[in-house]
Amino acid sequence: MSLSVLKKHQMSSFLSVSVLFDLSVALGIGLLVGAERERRKGDGPLRRSAGIRTFASVSLCGFVAQSLGSWVLLGAALLTVGALAFASYRLSRRHDPGITSEVAILLTFLLGAMAVQNAALAAVIGIVLTALLAQRERLHQFVRQAMTQQELEDLIVFLALAMIVLPLAPDEFAGPFNAVNGHQLTRFVILMMTIGALGHVFRRLLGHRGGLAWAGFLGGFVSSTATVANMAKLSKSEPAQLPLAATGALLSCASTFIQLGLLVAITLPELLVHMWIPLALGTGIGLALAAWQARIKTDTPSSQDMALQGHAFDLKTSLLLALALLGVTVMTAGLNQQWGTPGAWISAALSGLVDAHATVATMGVLVKQDLISHPQAQVCIWLAVSANSLSKALMAVLVGGKAFAMQFLPGLFTLIAAVWLSLLVVNGPFFR
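If you want it as structure tokens, here you go:
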């Protein structure tokens with residue numbers, strides 16, 4: 003009998019500790035949000051009605067209503083708090099038309115109720131709510147002054163794809179050669195948009211100080227081939243900027259290896275252990291060659307101005323790359339089925355002339371479908387990278403002419419040769 007009493011006492015103590023913890027979370031949420039509102043409450047006859055005591059009491063009210071286990075009581079309490087918040091708004095709307103405090107007090111009530119069942123989540127939401135309330139001026143300034151209308155529209159498009167389209171996209175293989183996956187295609191589009199948006203954000207933060215070097219490095223995350231073409235065009239229109247343009251082009255090649263590493267880590271993480279040395283070597287050599295090239299001084303300061311406005315990402319390019327990914331995936335699967343490994347190599351080389359990133363995503367799909375092995379996938383990726391380097395070389399010659407080609411091509415060919423040499427030395431047994 004004494005053992006049973008002891009167990010009941012231990013259980014009662016445990017429940018008491020649990021309830022006290024949840025209660026402290028609910029009280030903490032009310033005090034935290036209330037403290038922020040108290041600082042903005044003001045003084046005199048025009049002061050707001052809700053402060054630290056009101057918010058703490060409302061949070062405790064939600065906790066008690068939820069603890070009693072009656073949905074009727076919880077609903078009645080919520081309606082009462084809502085009515086009081088509405089009455090407060092009616093009294094203060096002439097000098098303060100905003101409803102932030104009224105919404106915050108309703109949310110505080112709900113968070114107090116949530117603390118009964120999920121105290122951790124309630125605490126996190128309470129902290130986020132307080133941060134949003136405290137950063138009012140900075141948020142307003144960011145949206146009204148820092149963020150452009152075009153960037154806001156881009157953000158809406160991005161969230162629509164990430165929050166609506168991606169969950170609805172079917173995550174199963176179908177279509178020709180059973181190689182098409184709508185979910186992975188959508189994820190690829192979002193990934194390319196994210197990379198482009200990050201580059202845009204960095205350019206906005208750095209402003210004009212980065213010059214062509216930062217423009218080249220960040221542009222490589224969007225399209226290294228296009229960046230090389232832009233640098234080549236600049237070097238031809240402004241010959242004095244030839245060394246800086248070549249530096250930016252080499253930096254775009256280095257950032258391509260960083261981007262390839264990120265794509266491999268996401269789509270083929272098990273292959274990264276065999277590729278990280280060539281990827282790191284390509285990045286390091288690209289940065290070193292760019293630093294050496296940057297030592298050459300220009301005659302006049304650059305007139306190239308980095309654009310700080312415009313789209314945060316290129317949706318059209320992302321969709322075109324997704325279509326390229328779809329075509330490359332189907333083509334590679336078909337050639338691999340008909341001709342085996344040589345067919346996959348041919349497809350990778352052809353697709354790399356346009357873009358190397360689609361090949362990485364394609365290999366991820368084919369490996370998961372057991373249509374190609376990991377060593378074959380790695381060879382295909384490097385073939386695509388090499389073919390893409392050939393496209394950059396052609397751009398350098400055709401757009402920039404002999405002068406730009408002489409500055410850029412030695413570094414590009416040195417970079418690719420070093421990567422292939424390290425690949426054969428380090429991963430030779432892996433290919434057998």
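No gaps in the numbering here: position 169 of the sequence shown is 171 in this note's numbering, and each next residue is one more.
We put the beta carbon where it would ideally sit given N, CA and C, even for glycine.
Leu321 and Val191 have their C-alpha atoms roughly 6 Å apart.
When Arg41, Leu25, Leu157, Met165 are compared, the shortest CA-CA separation from Ala115 is found for Leu25. Counting the other CB atoms within 10 Å of its CB gives Trp73 a total below 16, which places it among the exposed residues. A direct Cα-to-Cα measurement between Arg146 and Ile107 gives close to 26 Å. In this structure, the straight-line span from the alpha carbon of Gln380 to that of Val421 is close to 13 Å. Asn232 has its alpha-carbon roughly 9 Å from the corresponding atom of Met397. Taking a cut-off of 8 Å for Cβ pairs, the stretch 402-417 and the stretch 237-247 touch, as three or more such pairs fall below it.
The Cβ atoms of Ala405 and Ser237 lie closer than 9 Å to each other. Excluding sequence positions up to five before and after Leu75, its CB lies within less than 8 Å of the CB of Ala67, all in the same chain and listed in chain order. The residues Ala256, Phe259, Ile260, in chain order, have a CB closer than 7 Å to that of Thr285 in the same chain once the five nearest residues on each side in sequence are set aside.
Here Ser94 is buried. Its C-beta has 16 or more other C-beta atoms within 10 Å. If you ignore the 5 residues before and after Gly366, its C-beta comes within less than 7 Å of the C-beta of Thr269, Leu270, all in its own chain and listed in chain order.
Comparing alpha carbon positions, the residue from Thr361, Leu400, Gly413 closest to Asn390 is Thr361. Leu385: member of the alpha helix (DSSP H) spanning 376-397, first to last residue.
Taking a contact to require three or more Cβ pairs closer than 8 Å, the stretch 152-159 and the stretch 128-138 do not qualify as touching. Relative to the Cα of Gln152, the nearest Cα in the group Thr416, Leu317, Pro377 belongs to Leu317.
The residue from Gly71, Gly36, Gly288 with its alpha-carbon nearest to that of Ala58 is Gly36.
Under DSSP, Ala176 forms a beta bridge with Val182.
Residue nearest to Thr102 within the set Val230, Ile54, Leu134 is Leu134 (criterion: CA-CA distance). Counting only residues of its own chain and dropping the five nearest sequence neighbours on each side, Leu328 has a CB closer than 7 Å to the CB of Val182, Leu187. Rounded to the nearest whole angstrom, the C-alpha separation of Ala292 and Met195 is 26 Å. Residue range 151-162 is occupied by the alpha helix (DSSP H) that includes Glu153.
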